[in-house]
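According to numbering that gives the first Met the number 0, the residues represented by the sequence shown are 0 to 286, in order.
For reference, the structure is listed below as structure tokens.
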Amino acid sequence: MKKIDLHVHSLVSDGSFTPAELAFHAKEQGLSAFALTDHDVIAGTEDAAAAAQDAGVEFINGMELTADFKGHKIHVVCLGFDPEHAAFQTVYKKVRAIKEGRIEDIIEFVRRKGVDISWEKVEKFAYKGLMDRYAIMRYLVSLHMYDRAQPLWDHYLDPAAVELGLNFSITAEEALPLIHKAGGVTSLAHFHKNIGLGNLDNRQQQEQAILELHQLGLDGMERYYPNYSAEDEAFAAQMIQKYDLLPTGGTDFHGTNRPQIELGSGINGNISVPYEFFRGIKERLGK
0 MKKIDLHVHS LVSDGSFTPA ELAFHAKEQG LSAFALTDHD VIAGTEDAAA
50 AAQDAGVEFI NGMELTADFK GHKIHVVCLG FDPEHAAFQT VYKKVRAIKE
100 GRIEDIIEFV RRKGVDISWE KVEKFAYKGL MDRYAIMRYL VSLHMYDRAQ
150 PLWDHYLDPA AVELGLNFSI TAEEALPLIH KAGGVTSLAH FHKNIGLGNL
200 DNRQQQEQAI LELHQLGLDG MERYYPNYSA EDEAFAAQMI QKYDLLPTGG
250 TDFHGTNRPQ IELGSGINGN ISVPYEFFRG IKERLGK
């Protein structure tokens, strides 16, 4: 069976592979297609697309958008949009202003926590000159404080955002229609996590939220994800069928920053996303 991965991160956000390395790694892992879905940034798209062509792997551009929805923070995988479209640029300018905002103050917060950090040290980790929260994260990763990246967010970057009043995002109500206008499709990522709908009380509340997001313009949701429980997977399948949602899926690959996850196969080969999902997305996009 031809398989794909539609949820993949590079070092442009919080992964460890360059965009080009991802394309060749996708080939090594036997993937027929993949999407680069860095958090709130598209700076790696051109490099990934060119390398994918060289590797003989199909590619679709993407971005994992952070959005606020009724007091919850969600991640939305956006695929196939026109990055030059005015509607996408409206979204992108807002999310980049958030990610690049008050970097000096975040660095100072981390320094006060006892970390040897400065603007000059972080600047060396800015991808193509982008000084954002991910540049800080990459510098912190280089200090080998933990064996993965998540504790850096838990102990330093997320608390800094809370203290500085930076823990806000573009709203789903604003973003979803604009991604549509830019020709893209949207899919709810890892609904079961707290960055998702995981902190809702029950499945009924999760279903209501999915329905409301769908009414706002959400096209689909992740049918497969590495740490879904059997119940999570069954619920995702039910929602996709009930509301005629576009099924997507991916590993949320971060390379060595999330070492238990492998591109295309998840945790010890526990997922396999079928090529039919990629074909369905292209049909929806009219490509």
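Note that the Cβ used here is the ideal one computed from N, Cα and C, for glycine as well.
Item to check | Neighbour-count burial assignment, F167, 16 or more Cβ in a 10 Å radius | outcome: It is exposed - the Cβ of F167 has fewer than 16 other Cβ atoms within 10 Å.
Next on the checklist: By DSSP's criteria, A22 is part of a beta bridge. Which residues make up the other side?
Outcome noted: Answer is none; A22 lacks a bridge partner.
Checklist entry - Closest by CA to V140, which one among D4, K123, E99 and L35? => result Taking only the C-alpha atoms, the option nearest V140 is K123.
Checklist entry - Just reading off the alpha helix (DSSP H) that K98 is part of, what are its end residues? => result A85 to K98 is the span of the alpha helix (DSSP H), which, as asked, contains K98.
Item to check | Coarse secondary structure for F108, derived from DSSP in three states | outcome: In the three-state scheme derived from DSSP, where H, G and I count as helix and E and B as strand, F108 is classed as helix.
Item to check | Entirely enclosed alpha helix (DSSP H) segments - the region 221–256, minimum 4 residues | outcome: The alpha helix (DSSP H) runs lying completely inside the region 221–256 and spanning 4 residues or more are 229–241, given in chain order.
Checklist entry - According to DSSP, which residues form a beta bridge with A34? => result When DSSP reads this structure, A34 sits in a beta bridge with I59.
Checklist entry - Three-state secondary structure (DSSP) at F276? => result The three-state reading of DSSP puts F276 in helix, counting H, G and I together.
Checklist entry - By Cβ distance, which residues of its chain are closer than 7 Å to R101, with the 5 residues on each side in sequence left out? => result The answer, listed in chain order, is L163 and L165.
Checklist entry - Relative to the C-alpha of L5, which residue among G61, T170, D243 and G14 is closest? => result Residue G61 holds the alpha-carbon nearest to the alpha-carbon of L5 among G61, T170, D243 and G14.
Next on the checklist: For L78 and V7, which I take to be in contact (beta-carbon distance under 8 Å), what is that distance rounded to the nearest angstrom?
Outcome noted: Their Cβ separation, rounded to whole angstroms, is 11 Å, which puts L78 and V7 out of contact at 8 Å.
Checklist entry - For the beta strand (DSSP E) that contains H74, what are its first and last residues? => result Where H74 is concerned, the enclosing beta strand (DSSP E) starts and stops at H71 to L78.
Item to check | Counted within 10 angstroms of its Cβ, other Cβ atoms place H74 as buried (16 or more) or exposed | outcome: Taking all protein chains shown into account, H74 has 16 or more neighbouring C-beta atoms within 10 Å of its C-beta and is therefore buried.
Checklist entry - Which of helix, strand or coil does DSSP assign to I209? => result In the structure shown, I209 adopts helical secondary structure according to DSSP, grouped into three states.
Checklist entry - Nearest-angstrom Cα distance between H253 and S9? => result Straight-line Cα distance between these residues: approximately 7 Å.
Checklist entry - CB D13 to CB N198, shorter than 7 Å? => result A distance of 7 Å or more separates the beta carbons of D13 and N198.
Checklist entry - How would you write the range of the alpha helix (DSSP H) that S141 sits in, first residue to last? => result Unbroken alpha helix (DSSP H) run through S141: R132 to S141.
Next on the checklist: Checking 7 Å against the spacing of the C-beta atoms, do L217 and L175 come in under that value?
Outcome noted: One thing to note: L217 has its Cβ within 7 Å of the Cβ of L175.
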